[in-house]
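Numbering (the numbering used here), first residue to last: 25 to 88. The structure appears right after this line, and notes come after that.
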């Protein structure tokens with residue numbers, strides 16, 4: 025298997041679709057099989073812009 029020859033193992037999970045139990049199970053399986061997981065990437069994570077920031081941007085945008 026290719027993972028046995030890998031220098032690093034990074035797990036990519038999709039935000040809002042991957043549940044904690046799914047992630048825990050996958051990490052346990054990878055750690056059991058390969059003795060390590062070097063990192064986790066959370067893909068498609070949304071960051072909300074605070075209302076105060078949006079209001080500030082509207083104010084400075086109306087100056088021009």
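Ideal Cβ positions, reconstructed from N, Cα and C, are used throughout, including at glycine.
Contact check between the stretch 37-47 and the stretch 73-83: fewer than three CB pairs, one atom from each, fall below 8 Å, which does not count as touching. For residue 83, the enclosing alpha helix (DSSP H) stretches over residues 75-85. Taking a contact as a CB-CB distance under 8 Å, the pair residue 83 and residue 39 does not count as one, their CB atoms being some 31 Å apart.
Shown here for residue 66: same chain residues with a beta carbon closer than 7 Å to its own, the five before and five after excluded, namely 37 and 39 in chain order. By alpha-carbon distance to residue 29, the top candidate from 63, 58 and 50 is 58.
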